[in-house]
Structures are given as C-alpha cells and as structure tokens.
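Participant:
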Amino acid sequence: MKETSQTVRLVLAVLAVVFGIFMFAVQPFITQNSLDPVLEELMVVVQERPQFLSGLSLFTFFYPLWRALIFIGGITMIILAPFIYKGEEWTYPVGLTAYAMPSIGGMFMFLPYVSWVGGFPLPMIITFVGLAGFWTLLLLKKSNRMQRLVDFLVFTFIGMLAAHSFVIGIGAARQLMTRPGKPLYEGIEWWVLTMTGDIDWIGAALLVIAIPLLAMRKKSGWLMALIAAFSILVIDAPAQIIRTNTLDYLYGALLALALVIWLLIPAFKKRLYVEKDSHEAE
Numbered sequence: 078m079k080e081t082s083q084t085v086r087l088v089l090a091v092l093a094v095v096f097g098i099f100m101f102a103v104q105p106f107i108t109q110n111s112l113d114p115v116l117e118e119l120m121v122v123v124q125e126r127p128q129f130l131s132g133l134s135l136f137t138f139f140y141p142l143w144r145a146l147i148f149i150g151g152i153t154m155i156i157l158a159p160f161i162y163k164g165e166e167w168t169y170p171v172g173l174t175a176y177a178m179p180s181i182g183g184m185f186m187f188l189p190y191v192s193w194v195g196g197f198p199l200p201m202i203i204t205f206v207g208l209a210g211f212w213t214l215l216l217l218k219k220s221n222r223m224q225r226l227v228d229f230l231v232f233t234f235i236g237m238l239a240a241h242s243f244v245i246g247i248g249a250a251r252q253l254m255t256r257p258g259k260p261l262y263e264g265i266e267w268w269v270l271t272m273t274g275d276i277d278w279i280g281a282a283l284l285v286i287a288i289p290l291l292a293m294r295k296k297s298g299w300l301m302a303l304i305a306a307f308s309i310l311v312i313d314a315p316a317q318i319i320r321t322n323t324l325d326y327l328y329g330a331l332l333a334l335a336l337v338i339w340l341l342i343p344a345f346k347k348r349l350y351v352e353k354d355s356h357e358a359e
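In this text, residue positions in the sequence shown follow the working numbering: the first is 78, and each later residue adds one.
(1) With DSSP run on the structure shown, which of helix, strand or coil describes P189?
(2) Just the C-alpha distance for L217 and V85, rounded to the nearest angstrom, thanks.
(3) What is the rounded straight-line gap between the Cα of A333 and the Cα of G280?
(4) Give the straight-line distance between the Cα atoms of M272 and L284, rounded to the nearest whole angstrom.
(5) Along the chain, which unbroken stretches of the alpha helix (DSSP H) at least 4 residues long are found entirely within the region 229 to 304?
(6) Please report the straight-line C-alpha distance between Q104 and G151, rounded to a whole angstrom.
(7) Grab the span of the alpha helix (DSSP H) containing T213 for me, first residue to last.
(8) State yes or no: is the C-beta of F96 within less than 8 Å of the C-beta of V206?
(9) Using C-beta distances below 8 Å, list every residue in its chain close to M154, excluding the 5 sequence neighbours before and after it, in chain order.
(10) I'd like to check one pair, L146 with G182: are the Cβ atoms closer than 8 Å?
(11) Among L112, A292, A305, which has the Cα closest to the Cα of D53?
(12) Closest to T233 by C-alpha separation, out of Y350, G248, S297, L214, would be which residue?
(13) What's the gap between the Cα of K259 and the Cα of P127?
(14) Using 8 Å for Cβ pairs, my map puts Y140 next to L112. What's the rounded Cβ distance?
(15) Using the beta-carbon count (16 or more within 10 Å), is P343 buried or exposed?
(16) For A330 and Q317, which I take to be in contact (beta-carbon distance under 8 Å), what is that distance rounded to the nearest angstrom?
(17) Apart from the five residues on each side of it in sequence, which residues of its chain come closer than 6 Å, Cβ to Cβ, to K296?
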C-alpha cells in the first residue's frame with residue numbers, strides 16, 4: 078500500500094470511514110427491515126405450502142448472523158482507516174475481507190427478499206456498498222493493468238461463488254428440514270442434498286478464508302480457492318442432473334468452473350501468489 082499515492086490512500090481511508098459507518102450504524106436497520114417482511118410473507122405462504130416452513134427458522138438465524146458479521150466488518154474499517162492512510166500493507170487483505178461481508182451477506186439476504194416480498198430489494202443496498210468498497214480497494218491499490226484485471230476477475234468470482242454457495246446450502250437445509258418421510262431419505266434426490274448443502278457451505282467458508290491469503294499473495298490462498306471451487310463444481314454438476322426442477326446447481330457449477338479456469342490460467346496464476354525458494358523460506 079505504500080506504493081499507492083498519498084492522495085489515493087486518503088480517498089481509501091475516507092471511504093473506509095464512510096462505508097464502515099454504514100456497515101455498523103445503518104446496515105442493521107436495513108437488515109431488520111428486510112427480514113421482517115420476508116417472515117411476514119412466509120407466514121402467509123406456509124399456510125398453504127408447509128414445505129416452506131423451515132425458511133422461518135433459517136432466515137431468523139442467518140439474517141442476524143450476517144448482520145453481525147457486517148457490523149464487525151464496519152468496525153474493522155473504521156479502525157483500519159488511519160493505517161490505510163499510512164500505507165500499511167496488512168490493511169489490504171484485512172480490508173478486502175471486511176468488505177466481503179456486506180457483499181456476500183447482502184446478496185444472501187437479497188434472494189429471499191425478491192422471492193417473497195418483491196419491489197425494490199433493500200438488501201441490494203448492502204451489497205452495493207460492500208462491492209463499492211471491495212472493488213475500490215482492489216482497483217485503486219497501485220499495480221499494473223494486468224494485475225488489476227487478474228485481481229478483479231478472481232476476487233469478484235470468489236465473492237460471487239461464495240455467496241451463491243452459501244445460498245445453495247440454505248436451500249438444501251430448508252428442503253431437508255421439511256422433506257417427506259423425515260427422518261428417512263426417500264430417494265437419491267433427497268440424500269444428495271446432504272452433500273450439496275454441506276459441501277457448498279464448506280466451500281463458501283474456504284473461499285472467504287482464501288480472500289486475505291490471496292491478497293497477501295500466499296500460495297495457500299490460491300490452493301484454498303482452487304480446492305473450494307473444484308469441490309463445488311464436482312458436487313453441483315451432478316446435483317443439477319439429479320434435481321432438475323431448478324437451475325441453481327447449474328449456475329453454481331458454471332461459477333465454480335469459471336473460477337477454476339481463472340485460477341489455472343498460467344498468466345493469471347503467476348500473478349496470484351509468490352513462490353519462495355527454500356533459501357528465502359529459511
């Protein structure tokens with residue numbers, strides 16, 4: 078970050094304060110005003126379609142969880158601001174991770190909202206703020222054009238896949254909680270959900286962890302992102318064949334495939350992490 082001009086660092090520091098205040102002071106109210114109408118609509122829907130009853134429990138738990146993660150991300154950005162201005166390198170991976178919270182969490186909250194409430198999707202405000210901070214930090218940090226392109230594509234697809242995989246996990250949990258024949262699994266189309274849900278959730282967690290590691294140009298971050306993306310691809314592709322009533326698994330497989338490609342392109346790969354020889358490691 079020290080190579081980034083002082084003017085740009087000032088801009089990034091000011092944005093960290095502005096976005097940070099939004100994340101911990103404004104976002105909680107947007108989240109609550111998104112959750113309440115979703116629950117209200119679901120309470121009406123489940124009277125005729127009880128298979129959606131599990132959504133009440135899942136959304137009641139996960140909306141507040143993401144609100145808390147985004148809240149802490151906002152506090153993080155406020156504390157980071159003066160260090161960003163000083164150009165301290167560690168602020169880059171920490172800042173990207175903090176901004177990823179509203180980007181991913183807002184996208185998760187957006188989908189139930191548009192499905193059950195409609196109208197202007199309030200959670201998208203949270204996502205837009207997160208993406209604005211995420212992309213600004215990515216693109217304004219001093220680097221050459223090719224490096225910016227690589228970072229933009231890889232980190233953006235990591236975030237998109239993490240959000241989608243988390244939603245897939247929610248969908249699997251929702252269906253399993255109200256499956257016919259419970260506690261048994263009546264057919265492969267039901268027990269496959271126990272794999273897709275957990276694997277997608279684990280993959281989403283690995284992708285989030287990969288963000289700061291890749292930002293530090295660690296090979297472990299590249300490996301973690303590759304393992305997560307490939308795992309999601311291998312489970313979502315057959316899940317789409319087994320459960321053809323939705324295209325969600327196809328979208329997940331395509332996102333995962335795209336990320337695998339970005340990670341393996343030689344011109345991209347050499348810019349994502351720095352190899353250290355044994356002498357340097359000592």
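Built from N, CA and C at the ideal position, the CB exists for glycine as well.
Facilitator: So, to answer that:
(1) Along the sequence shown, read from residue 1 onward, the residue named residue 189 stands at position 112. In this structure, P189 counts as helix in the three-state DSSP scheme.
(2) As a position in the sequence shown, residue 217 is number 140, starting the count at 1. As a position in the sequence shown, residue 85 is number 8, starting the count at 1. Using only the alpha carbons, I get a separation of about 7 Å.
(3) Along the sequence shown, one-based indexing puts residue 333 at 256. Along the sequence shown, one-based indexing puts residue 280 at 203. CA-to-CA, the gap between A333 and G280 works out to about 10 Å.
(4) Your numbering for residue 272 matches position 195 in the sequence shown. Your numbering for residue 284 matches position 207 in the sequence shown. Roughly 18 Å separates the two Cα atoms.
(5) For the region 229 to 304, whole alpha helix (DSSP H) runs of length 4 or above, ordered along the chain, are 265 to 292.
(6) Your numbering for residue 104 matches position 27 in the sequence shown. Your numbering for residue 151 matches position 74 in the sequence shown. The straight-line gap from Cα to Cα measures roughly 9 Å.
(7) The count along the sequence shown starts at 1 and reaches residue 213 at position 136. The continuous alpha helix (DSSP H) containing T213 extends over residues 200 to 217.
(8) Within the sequence shown, numbered from 1, the residue matching residue 96 stands at position 19. Within the sequence shown, numbered from 1, the residue matching residue 206 stands at position 129. Their beta carbons are under 8 Å apart, which means F96 touches V206 by this criterion.
(9) For the purposes of this step, residue 154 is identified with residue 77 of the sequence shown, where counting begins at 1. Here M154 has A93, V94, F96, G97, M100, G172, A175, Y176, G210 as same chain residues with Cβ atoms under 8 Å from its own Cβ, once five neighbours each way along the sequence are excluded.
(10) Residue numbering aside, residue 182 sits at position 105 when the sequence shown is read from its first letter. Residue numbering aside, residue 146 sits at position 69 when the sequence shown is read from its first letter. Yes.
(11) No statement about residue 53 is possible, as the shown extent of the chain runs from 78 to 359 and does not include it.
(12) Translated into the one-based positions of the sequence shown, residue 233 becomes position 156. The residue from Y350, G248, S297, L214 with its alpha-carbon nearest to that of T233 is L214.
(13) As a working note, residue 259 is residue 182 in the sequence shown. As a working note, residue 127 is residue 50 in the sequence shown. Approximately 14 Å between the Cα atoms of the pair.
(14) The sequence position of residue 140 within the sequence shown is 63, counting from 1. The sequence position of residue 112 within the sequence shown is 35, counting from 1. For a cut-off of 8 Å, the C-beta gap from Y140 to L112 is around 4 Å, short enough to register as a contact.
(15) Taking the sequence shown and counting its residues from 1, the one referred to as residue 343 is at position 266. The residue is exposed, with fewer than 16 neighbouring Cβ atoms inside 10 Å.
(16) Within the sequence shown, numbered from 1, the residue matching residue 330 stands at position 253. Within the sequence shown, numbered from 1, the residue matching residue 317 stands at position 240. So it is a contact: roughly 6 Å between Cβ atoms.
(17) As a working note, residue 296 is residue 219 in the sequence shown. Counting only Cβ-Cβ distances below 6 Å, and skipping sequence neighbours, we find Y350.
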